[in-house]
Amino acid sequence: MSCDQTRPTVTVGGGVPPGLDALLASTAELYLDLHRHPELSGSEERTAARFADRLTADGFRVLRGVGGHGVAAELANGDGPAVLLRAELDGLPVAEETGVPYASTATAPGADGRPVPVMHACGHDAHLACAAAAARWLAEHRDRWRGTLLVVGQPAEETLSGARAMLEDGLYDRITAPDVVLAQHTAAFPAGMVAHADGPLMAGSVTLEVVFEGDGGHAATPHLTADPLLAAAGAVTRLPAVAARETDPAERLVVTASSLRAGDSGRTGNVIATRAELRVTVRALSEAALVRGTAAVERVVRAEAAAASLPPRVTVRELNRSGVTRPDPGVTAAVRAAHQSAFGAARVTGWPASSATEDFPLLTGAGGHLHGRPGIRGAYWMLGSVGPTQWAAAPGTGPAEKFRALPHNHSPRYLPSVRLTLDTGTSALVTAALAQLGPAAAVGEPGLRSEDPPVAGDTGLAGEPGRGGSYGAE
């Protein structure tokens, strides 16, 4: 499936910084290269090198290999706030089905060592290209801002381990610690738009590994065994009741058994396994609900093991955890206002809270237990990625129906509209950064040419922003 790559005819507000169009060709080249060559979480060596090389060429001080393949870059430009732009490096074990000439055909060793297909099915390639382009524009226009610009290419977001790994590797001790962290994420709504949330944007999550150990044996004599698969299957059917029967629907708790493995696929069908492994994810929009949901999982799996007469050998291990993505209200208001100035109010909309999850919060004050800086604030917004032709052709009579019908993140058919997504995403990052960095020097002061005064709107708008209309994603 090919996505439309043309711009719609729109009137853009006066706040788009000049010169961004000149970066589109190099931004698209980087995006297409990254899309062709995705890498799995923890293996992003080539992706990190391309990103780091680009930032080095633009004059940043660049650190490589932070917390794995993480990249951290810094550009100091006088006194002022430190603002960090964050993008992710990793792809997904998905076989691409978009049919475009630049589709990925990459494979890589999976968790069991066997080759798996790899695809940028979550927009991380677009995030990186936009961050690189925004960094280049800001580096070339240092007369328009003051402060310190930081750029991070984070590994292993899909496994929710990369932000923690970078922080534990001393990220904020090796670069200037940010005052504000900014990030965006592509989604299946019209390209050319951005969306902000009031309150939580994404859920917090806990991923658990549950191991049931029993006494295996011959399938003909199950009464002589303690079958761990029976206990695991019981847990799979019981766990949804934690959300359906024990939780207020307003809390948006999700408990999902996502995988179950037992026995050896190479064996015959007459062996009862001695071990069953279950993966469970718990997601919620509040930390309290997340704690309750996690405790309920442990209660259920132990009760199912007892019901199956297993020996008391059930282990529950936390594999990863992420906090609720809750953008700072003040930073979000300023960034939203800057986006309204850049794109016009009609192209800045609202966004409902989602059960998707991110490790982005660890880079903000929510990760203070890791980096010791609880005052770091953050803003996170959604970036439209569906071209006008694809949006118009999507089944449905209204925006909500079209939204549901389109391929979404993690789909083998998900593909951003290249030109409009990159153009809007780069502009969104630049205008957001300018809204948070220090203002440019006055004309005649060092650092600004008197013949090149600041452009109105570059640093955002003061006051309370208006609200754009919702496109209907529910």
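Start counting the sequence shown at 10; every next residue gets the next number (the working numbering). Using N, Cα and C, we set each Cβ at its ideal position, and we do this for glycine too. Only a predicted model underlies this, so the values are computations on that prediction, with no experimental measurement involved.
In this structure, the straight-line span from the alpha carbon of residue 317 to that of residue 363 is close to 36 Å. Residue environment for residue 133: buried (at least 16 other C-beta atoms within 10 angstroms of its C-beta).
If you ignore the 5 residues before and after residue 306, its C-beta comes within less than 8 Å of the C-beta of 217, 219, 248, 251, 264, 289, 291, 325, all in its own chain and listed in chain order.
Every beta strand (DSSP E) stretch that sits fully inside the region 302-359 and reaches 3 residues is listed by chain position as 323-331, 357-359. Here the alpha carbons of residue 405 and residue 384 stand approximately 45 Å from one another. Here the C-alpha atom of residue 180 lies approximately 43 Å from the C-alpha atom of residue 410. Taking all protein chains shown into account, residue 277 has fewer than 16 neighbouring C-beta atoms within 10 Å of its C-beta and is therefore exposed. At least 8 Å separates the beta-carbon of residue 418 from that of residue 115. Counting C-beta pairs closer than 8 Å gives three or more between the region 51-64 and the region 77-95, which meets the contact rule. Residue 185 sits in coil when the DSSP states are folded into three classes, being neither helix nor strand.
With fewer than 16 other Cβ atoms from the protein chains shown falling within 10 Å of its own Cβ, residue 123 counts as exposed.
Of the candidates 213, 182, 433, 148, the residue whose Cα lies closest to the Cα of residue 333 is 213. Taking the Cα positions, residue 211 is about 27 Å away from residue 185. Shown here, residue 54 sits in a helix according to DSSP, grouped into three states. Looking at the backbone, the Cα of residue 74 and that of residue 36 are separated by about 23 Å.
In the displayed model, residue 202 falls within coil according to three-state DSSP, outside both helix and strand.
Annotated three-state conformation of residue 31 is helix, per DSSP. A straight-line Cα-Cα distance of about 15 Å links residue 111 and residue 103.
Nearest Cα to residue 368 within the set 53, 150, 190, 130: 190. By the criterion of a C-beta distance shorter than 7 Å, residue 233 is surrounded in its chain by 226, once the five residues flanking it on both sides are discounted.
Along the region 205-271, the alpha helix (DSSP H) occurs as fully enclosed runs of 4 or more residues at 237-247, 249-255, listed in sequence order. DSSP, reduced to helix, strand and coil, places residue 392 within a strand of the structure shown.
Here the alpha carbon of residue 390 sits roughly 33 Å from the alpha carbon of residue 118. Boundaries of the alpha helix (DSSP H) harbouring residue 171: 171-177, taken from the DSSP string.
Taking 3 residues as the minimum length, the beta strand (DSSP E) runs contained wholly in the region 54-95 are 70-75, 79-86, in order along the chain. According to the DSSP secondary-structure assignment, residue 288 is paired through a beta bridge with 218, 268.
Boundaries of the beta strand (DSSP E) harbouring residue 125: 124-126, taken from the DSSP string.
The straight-line gap separating the alpha-carbon atoms of residue 347 and residue 128 is approximately 33 Å. A check of alpha carbon separations from residue 33 across 407, 436, 253 identifies 436 as the nearest. With a cutoff of 8 Å on beta-carbon distance, residue 69 and residue 160 are scored as near each other.
Residue 237 and residue 293 have their C-alpha atoms spaced approximately 29 Å apart. For the set 206, 287, 156, 283, the Cα lying nearest the Cα of residue 228 is the one of 283. Counting every other CB atom within 10 Å of its CB across the protein chains shown gives residue 361 a total below 16, marking it as exposed.
Residues 305 of the same chain have their beta carbon placed closer than 7 Å to that of residue 255, with the five preceding and five following residues left out of the count. Annotation for residue 413: no beta strand (DSSP E) segment contains it, though the alpha helix (DSSP H) segment containing it runs 408-414.
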